[in-house]
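Following: one structure in structure tokens, then a few remarks.
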Amino acid sequence: MNMMEILKEVGRGKRGARDLNYAEAEAAAELIMTRSATPAQIGAFFAAERIKMESIAELEAFVNVCRKYAHRFPMQEGIDFAGPYDGRKSSFIATFATAFLVAAHGVPVTMHGSAPLPPKWGITLPLLLQEMGVASETMTHEAATHAAKLTDVLFAASEQWCSPLRELRTIREELGLRTVLNTAEKLVDYGASPYIVFGVFHNTVFDKMAQLMQQLNYRRALIVQGCEGSEDLFIDRPTRTYLLANGEVSLQVIDPEMYGLDSVVPELNWTPAEQLRITEEVLQSTAPLAFSNQVLLNGAVRLFVAGRVNSIEEGLYTCKPLLENGVAWDLYCRWREAMLTNEMKTGAILSEPRLH
1 MNMMEILKEV
11 GRGKRGARDL
21 NYAEAEAAAE
31 LIMTRSATPA
41 QIGAFFAAER
51 IKMESIAELE
61 AFVNVCRKYA
71 HRFPMQEGID
81 FAGPYDGRKS
91 SFIATFATAF
101 LVAAHGVPVT
111 MHGSAPLPPK
121 WGITLPLLLQ
131 EMGVASETMT
141 HEAATHAAKL
151 TDVLFAASEQ
161 WCSPLRELRT
171 IREELGLRTV
181 LNTAEKLVDY
191 GASPYIVFGV
201 FHNTVFDKMA
211 QLMQQLNYRR
221 ALIVQGCEGS
231 EDLFIDRPTR
241 TYLLANGEVS
251 LQVIDPEMYG
261 LDSVVPELNW
271 TPAEQLRITE
281 EVLQSTAPLA
291 FSNQVLLNGA
301 VRLFVAGRVN
311 SIEEGLYTCK
321 PLLENGVAWD
331 LYCRWREAML
341 TNEMKTGAIL
351 SEPRLH
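Residue 332 in UniProt numbering sits at position 332 of the sequence shown, and the numbers go up by one each step.
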């Protein structure tokens with residue numbers, strides 16, 4: 001199929017449009033990811049899908065085509081932290097500190113993200129790295145994987161690791177809408193992980209996302225209606241989640257009060273610098289209790305998803321000493337040093353005069 005034929009199917013309006021089958025959606029994804037379709041056609045497709053809403057087959061096709069054009073670095077028995085690429089505006093990015101807590105127990109972690117995108121245009125993980133002095137958009141795959149080999153924490157800058165996403169940024173920015181890529185880019189799975197925690201904004205997509213996770217063959221997955229649509233569980237109220245395990249899906253409401261962790265979250269003016277400051281305070285056990293408790297709860301739940309503990313309670317007992325004894329902080333320091341060392345090497349290479 002060519003793009004005009006595809007647009008005739010998805011662009012008939014709310015009542016007339018139909019879902020594409022997998023082969024048709026795969027063809028559309030190929031045309032878009034290779035830029036064989038024109039910018040106008042790509043924008044029209046994204047807008048039409050936004051009105052119609054993506055089917056499971058369409059999402060699966062876009063995920064698989066994104067993976068086809070992505071660089072991947074397998075993290076054995078690892079867990080993927082799949083949060084929103086449009087970032088956060090009013091909540092703590094607990095997943096960043098949680099990564100080092102989970103990895104401190106020996107579970108490889110993959111994080112990924114890009115510069116802010118629509119519709120939220122919030123604070124994203126690369127902005128935290130930038131605050132550390134790491135320009136993730138220019139970091140080589142080798143530099144990121146070197147840090148991962150040392151610490152079991154991989155950060156993949158999505159537009160470096162999947163170049164079609166970089167090439168489509170301008171169109172997405174001009175549209176200003178959520179598109180099919182807002183879901184697909186979170187599932188590229190740069191670490192080839194069998195486990196995933198995946199954030200959603202509305203609980204109406206739980207069933208669809210659970211079926212998609214099954215199609216993508218994750219061994220265990222937790223779909224979280226978390227802070228600002230992220231994979232982070234709330235600490236001041238219960239969080240609705242869907243757990244996929246052993247081929248079965250179950251609704252689980254995780255209430256921090258059940259574990260004596262419920263806390264009042266301080267109101268802060270979130271900036272990348274503030275996000276990084278609180279992250280480092282959590283890892284040094286000097287942060288406000290709410291943020292430390294939030295990281296503990298998220299760490300415990302993710303160890304459970306990865307099959308390393310048998311319950312959330314056991315996860316909390318496992319995570320607490322890793323945080324209090326400085327093990328997670330030491331791991332973060334090693335990762336930061338590796339990332340900064342590679343940043344300096346990259347900078348030196350880029351600044352070397354060229355011989356003519």
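Every residue, glycine too, gets a C-beta built ideally from N, C-alpha and C.
Predicted model only: the values in this text are computed from it and were never measured.
Reduced DSSP secondary structure (H/G/I, E/B, other) of residue i
i, result
"MET132", "helix"
"VAL249", "strand"
"ARG88", "strand"
"LEU355", "Any reading at LEU355 must be qualified, since the residue scores a pLDDT of 38, below 50, and its modelled position is unreliable; the value itself is stated next. DSSP places LEU355 in coil when its eight states are reduced to three."
"ILE51", "helix"
"ILE93", "coil"
"residue 360", "Because the chain here runs from 1 to 356, residue 360 falls outside it and cannot be looked at."
"ILE349", "Any reading at ILE349 must be qualified, since the residue scores a pLDDT of 39, below 50, and its modelled position is unreliable; the value itself is stated next. Reduced to three states, the DSSP call for ILE349 is helix."
"THR179", "coil"
"LEU233", "coil"
"PHE73", "coil"
"ARG308", "coil"
"ASP330", "helix"
"GLU267", "coil"
"GLY260", "coil"
"MET339", "helix"
"ASN298", "helix"
Element boundaries [alpha helix (DSSP H), containing residue i]
i, result
"VAL282", "272-283"
"LEU7", "3-10"
"LYS320", "312-324"
"LYS68", "56-68"
"LYS186", "Unbroken run through LYS186: none, as it is neither H nor E."
"MET213", "206-215"
"SER163", "163-167"
"GLY13", "13-16"
Those residues which DSSP pairs with residue i across a bridge
i, result
"ARG239", "Here residue 239 turns out to be Thr, not Arg, going by the sequence shown. The partner list for THR239 (beta bridge, DSSP) reads ILE254."
"THR110", "ASP80 and LEU154"
"LEU244", "ALA221 and VAL249"
"ILE123", "ARG88"
Cβ-based burial, residue i [other Cβ within 10 Å; buried from 16]
i, result
"GLY176", "exposed"
"MET3", "buried"
"PRO266", "exposed"
"ASP152", "buried"
"PRO194", "buried"
"PRO119", "exposed"
"ARG18", "exposed"
"PRO84", "buried"
"GLN252", "exposed"
"ASP255", "exposed"
"LYS149", "exposed"
"ASN203", "exposed"
"VAL188", "buried"
"GLN76", "exposed"
"SER91", "buried"
"THR140", "exposed"
"THR138", "exposed"
"PRO321", "exposed"
"ILE79", "buried"
N-terminal and C-terminal residue of the beta strand (DSSP E) that residue i is part of
i, result
"VAL197", "195-199"
"ARG220", "220-224"
Inter-residue Cα distance where the pair is residue i and residue j
i, j, result
"ALA37", "LEU31", "5 Å"
"LEU212", "VAL205", "10 Å"
"THR124", "ARG88", "7 Å"
"ARG172", "LEU117", "8 Å"
"LEU296", "GLU58", "36 Å"
"GLU9", "MET209", "23 Å"
"LYS68", "THR98", "29 Å"
"ARG237", "ILE93", "17 Å"
"THR241", "ALA104", "25 Å"
"LEU355", "LEU20", "Note on LEU355: pLDDT 38, under 50, position unreliable in the model; the coordinate value appears next. Between LEU355 and LEU20, the C-alpha separation is close to 53 Å."
"ALA27", "PHE46", "14 Å"
"TRP270", "THR286", "18 Å"
"LYS14", "SER55", "14 Å"
"ALA25", "GLU49", "11 Å"
"residue 360", "GLU281", "In the structure as shown, the chain begins at 1 and stops at 356. Residue 360 is therefore absent and cannot be evaluated."
"TRP121", "PHE291", "23 Å"
"ILE6", "PRO39", "15 Å"
"MET258", "VAL264", "15 Å"
"PRO353", "PRO74", "Note that PRO353 scores 42 on pLDDT, short of 50, meaning its location in the model is unreliable; the coordinates nonetheless yield the value given after this. The alpha-carbon atoms of PRO353 and PRO74 are separated by roughly 36 Å."
"ALA23", "MET1", "9 Å"
"ALA348", "GLU248", "Because ALA348 sits at a pLDDT of 43, beneath the cut-off of 50, its placement in the model cannot be relied upon, and the point is left open."
"GLY326", "ALA143", "25 Å"
"ARG169", "ARG35", "12 Å"
"TRP335", "PHE201", "30 Å"
"ALA273", "GLY133", "11 Å"
Near the ligand HEM: residue i beta-carbon under 7 Å from a heavy atom
i, result
"GLY191", "This structure simply doesn't include the ligand HEM, nor any ligand for that matter."
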